[in-house]
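The sequence shown begins at 1 in full-length UniProt numbering and counts up by one. Glycine included, each C-beta is placed from N, C-alpha and C at the ideal position. Note that the structure is a prediction, hence the values are computed from the model and not measured. Heads up: the structure comes next, in structure tokens.
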Amino acid sequence: MNLISNFLAISPSTTPQTPSNQPSTSQAGNTQKLLQQGIQQTKQGQPQQAIATFEQVLALNRQVNDKETEATALLGIGLNYNNIGQTQKALDAYNRALDNFKAINNRSGQGTVLSNIGEIYRVTGQSQKALEFFNLALLIFKEVRSRSQEANTLNSIGIVYSQLGQKQKALEFFNSALPINRAVGDTGGEANTLNSIGELYKSTGQPQKALESYNLSLSISKKAGNSSQEAVTQGNLAGLYLETGQPQKALEAFNSTLVIFRKTGDRYKEAATLNNIGAVYRATGETQKALDLYNQALSITRTIQNSAGQAIALNNIAGIYLATGQPQKALEFLNQSLPIVQKSGDRAQEATVLNNIGEVYNNIGQPQKALEFYNQALPIVKQVGDTRQSAILLNNIGGVYNNIGQPKRALEFYNQALPIFKQVGDRSQQASTLSNIGVIYAAMGESQKALAFYNQALPILKEVKDISVQATTLSNVGEVYRNLGQQQKALEFYNQALPIRRKVGDLSGEATTLNNIGLVYYTNSQPDKALTFYNQALPIANKIGDASIKAATLGNVGVAYRDSNRPTEAIENLEQAVEITLQVRKGLERANRQQFLDASRGRAIGLIDLLIDQKQPERAYQWVNLTTTADLADYSRLIDAKVANPQAQQAIEKWNQSNQRLESLRQQLQTKFSVELSAQINQLQAEINQQAESISRQFPEVAELFETTPQDVAKLRANIPANTVVVQPVLLTDVTNVPNAIALFVITKDKLTVTKQKLDPALFDQLVTQYRSELTDARFPKRFRANSSKLYDILIRPIEAQIQAANPQQLSIIATGKLRYIPFETLIDSKTGKYLIEKYPVNNLTRLSSRALPQTQKKSAMLALGNPSPGDRRKLAGAEQEVESITPILPGSEAYIGDRATLSNFKNQSLRFPILHLATHGCFQTQGCPDLNMEANTLLFSDRNLNIADAALLGLKNTDLVVLSACQTAVQAKSNGEEFAGMAYLFERAGADSVIASLWLAKDEETKELMIAFYENLKQGKTKGEALRQAKLSLIDKHPLYWSPFILIGDAS
């Protein structure tokens, strides 16, 4: 599917500038001649020469110190600096002029300067400041009864209100100005006001009324012989013709203005008109003609040193390069344009250029950077009150979110943009947004809804003759029909879109449509014909640098080769496609990574599936790990890390300084323990963990440090203990053209095998959900056994021989999704009737990580906290008995019960003990636990609760084991098993080597029995895995509800 985003061409404003008083011509001699010369140069669009002339006037005037002459020359200087976009210099000159007019009490001159200052603030998007100055000017013009200037100022105030979206208020001001213009016979002012009224009607989707106003203005200007005003109106008419799909009429009108400006020698407006004519040619797909005109405009603006005009031309040239597949060249021109508009203070133009830079990054597969620039532009356009451009940015931001796999968020932005486009009457953008909404519904599988939106968009696009977006929408309609299985109908729409895309030079769209045609032939079992279209699309994608299209094309080529029995070429292309996807991920913030990978998981699943079929399990397993985003960041990877982004590197170095300070404090604590030093360490640990979390979310380069690399996979596999077997089930499901299956990887220190089994994903999901429910219900003692055996047959039976051959002393499971929330040890072998735990100790790993590695032997001493609220309804008598029973088992252990079971004591004392045991309430209900006065996802302590989010900030680096004997501490509220790792996993991230946590509400008596047995086994020297296994076996005759909720996560040694 193609989304329509918007690169904004900049057209110089056709709204007329507020006329200023002409400089006085009362002085005699050289000064008067020079003043007249400066005035003529201003009128002829020669700003640099005019400025130089007015500066000569100032120099001559110093001898006589004539305040009026000085003020008049400064007014001329300000006007010309404003014309070339140097607004600060213009403001400086105007303010000096204002001082002079005040000194001689020239109220009319003061009003003129105030009005011109207001105009600068209007154009640069500072609407409230503009209104302030215009209103001051209006009072003066009323006072001195300068009716013509009064009307001009009313017109200017109306323009500000129009820009602020207050159209009715704007119209009231225009309608106040118009009768004054007519009463004083100011035909120029009348034409000016009619132009403003026309612009208002155009912006509110009333083209006929706009046309009437423009034609009336044009008639007045022609009758008065005011060619300059006539040219302005022709330009406004041309803009109307372009918006209403009449490009030929627009060209005629712009060409009329060009003749006038060339005749009058106004090079400033000549360049502006060339830019506008270029925009017409761009809209009609004649990109080379547009480029020629933009380059002419750039040449003129450089000659006359008009920086604002240069910025406009540079921006528009960039738009052509982007449209013709040269994004780096586009970026080059935009990066020249941006500092110019920023220096000028023109906020509206700055927002346009920022939007366009975002658009380039979006096109070259750097969505995070695109968002960064769009989000810089959005507050600016809101500040300046440009509702249309704010809608364009909302549309573009929506496109990025869709591209990174967040369609619902994208829809939110499109639904904000659509009513704005309707309100301002921008039919073309309205259609584009309707088309984009169609894309979202198509991606969500709501084909009929998608078609309904496309069918709303197409007639509008035909009406306004926007053939580029029309082609995109036609291609999108084809995509819906292809997904509905109507291949011939899909082909008809693609074949309508393709020639249009070629005509307008839309290389990205052309590559997409070629790809889609290839998919039709692939679906029709013609892979060779499909390849001919893919191979046409690929060089285009390479040329324009569009990572998304390139990855999609390579993936399609790979699938076609696979089905043509050419596995080597298939693997090569699929690996390239997945590698591009990972390259794009590098530029994404952590918050967006998983959803982005989920949106493009089909290529990775297809590659893994093919590698398994081709007997390449090692390579397949590597891609399993590379294409999984780390849900838990290993902060130790920041130690001495180097990245390219200077800001990110500075943040990493600051983190390293804090971490070194922390290590120094830890060494001091080992020498001599003190509560004060322990508290200091805890505080610093929380700060640096928060710091690490913050920079990993802020900088994509830092987030990338936490991702798995090929070297990680090799290193971690090599460190698996000799007596351990790791099992990792991987679902290969819900991907087009890949049969649904489950891959069971079996990994030992020196061997990796994989077995693939067919699987119905819906039935499997239902089986897992039902089994977990059965495990937590002891009312039916044997009900769980049937589903337990079914899961054994799916998850263990196919790899039973490989596990037995390794004769392991530990079975480690890397489970994802809902499989995290069933205890594998409860699976029953129907042949023997035995649980898996009766064969092996079982532990869970978050992934193949350092937690799987054997740890150095630590002393066994425990810090135990229990029953933190003994005197209220939250009391846990069983937990208190549990702590009192287990603490004496391990020498050197300490218990904190009741009011002493505080979070402060836990943090301060935890550094002294390798084992931490928490027997307390845990609240993991989505709605919280009002009966316990606890919020969702919290653990109860006597002084305050610990939120799950803060568990990862605890400093548990030297902790061997954390035991959480509260209810459901391995799960989290709102979790469906697919996204959240639960509190236990967060404790692991905080540094604990391993965690024991419960999957459901644990029963007091059995929990106490199990924990006593577990610690007795540890005391005898058993590994954590074996100690927990033996403890559970002592309760094996009971329902699994009582003995299986506690799972061991991490190091089992």
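Start and end residues, beta strand (DSSP E) containing residue i
i     : result
I1049 : F1046 to G1050
S812  : Q810 to I814
N843  : V842 to L845
K782  : Counting along the chain, K782 falls outside any beta strand (DSSP E), and DSSP gives it neither H nor E.
Q757  : L752 to K758
Strand pairing of residue i, partner residues [DSSP]
i    : result
P729 : L744
G866 : I897 and A919
M934 : C929
T724 : Q810
D346 : In DSSP, D346 forms no bridge with anything.
L961 : I915
Y835 : I828
Own chain partners of residue i with C-beta closer than 8 angstroms, once the 5 adjacent residues on each side are dropped
i    : result
P617 : L611, F745, L752, T753 and V754
Y294 : L274, N275, G278, A313, N316, I317 and I320
Q206 : G425
R717 : I747, K749, L752 and L848
N516 : S475, G478, E479, R482, A490 and Y494
L60  : N30, T31 and L34
Neighbourhood of residue i by C-beta, 6 angstroms cutoff - its chain only, sequence neighbours within 5 removed
i            : result
residue 1093 : Nothing can be reported for residue 1093, as the shown portion of the chain is limited to 1 through 1053.
R601         : none
L411         : I440
H917         : M862, A864 and V963
L331         : V360
V735         : G602 and I605
N843         : S812, G1025, L1048 and A1052
Span of the alpha helix (DSSP H), counted from its first residue to its last, around residue i
i     : result
Y1015 : D1004 to K1019
A997  : Segment S994 to S998 is the beta strand (DSSP E) holding A997; no alpha helix (DSSP H) there.
V883  : A877 to I886
V480  : I467 to N483
T513  : L507 to T523
V123  : R107 to V123
Q296  : T287 to T303
V464  : S447 to V464
V232  : S227 to E243
G606  : R601 to D613
I260  : P247 to T264
G399  : T387 to N403
N95   : T87 to A103
T273  : R267 to A283
Under the three-state DSSP convention, the category residue i falls into
i            : result
N215         : helix
L588         : coil
N947         : strand
L939         : strand
V643         : coil
K329         : helix
V735         : strand
G158         : helix
residue 1060 : No statement about residue 1060 is possible, as the shown extent of the chain runs from 1 to 1053 and does not include it.
G185         : coil
F699         : coil
E143         : helix
T568         : helix
residue 1077 : In the structure displayed, the chain extends from 1 to 1053; residue 1077 sits before or after that span and is not available.
A560         : helix
S773         : helix
S788         : helix
H1039        : coil
A861         : coil
Residues near residue i by beta carbon distance below 7 angstroms, same chain, minus five either side
i    : result
L474 : F493, Q496 and A497
I84  : P47, Q305, N306, S307 and A308
Residue-level contact to chain C via CB, residue i, 8 angstroms cutoff
i    : result
L418 : Judged by its chain identifiers, the structure shown contains no chain C, having just a single protein chain.
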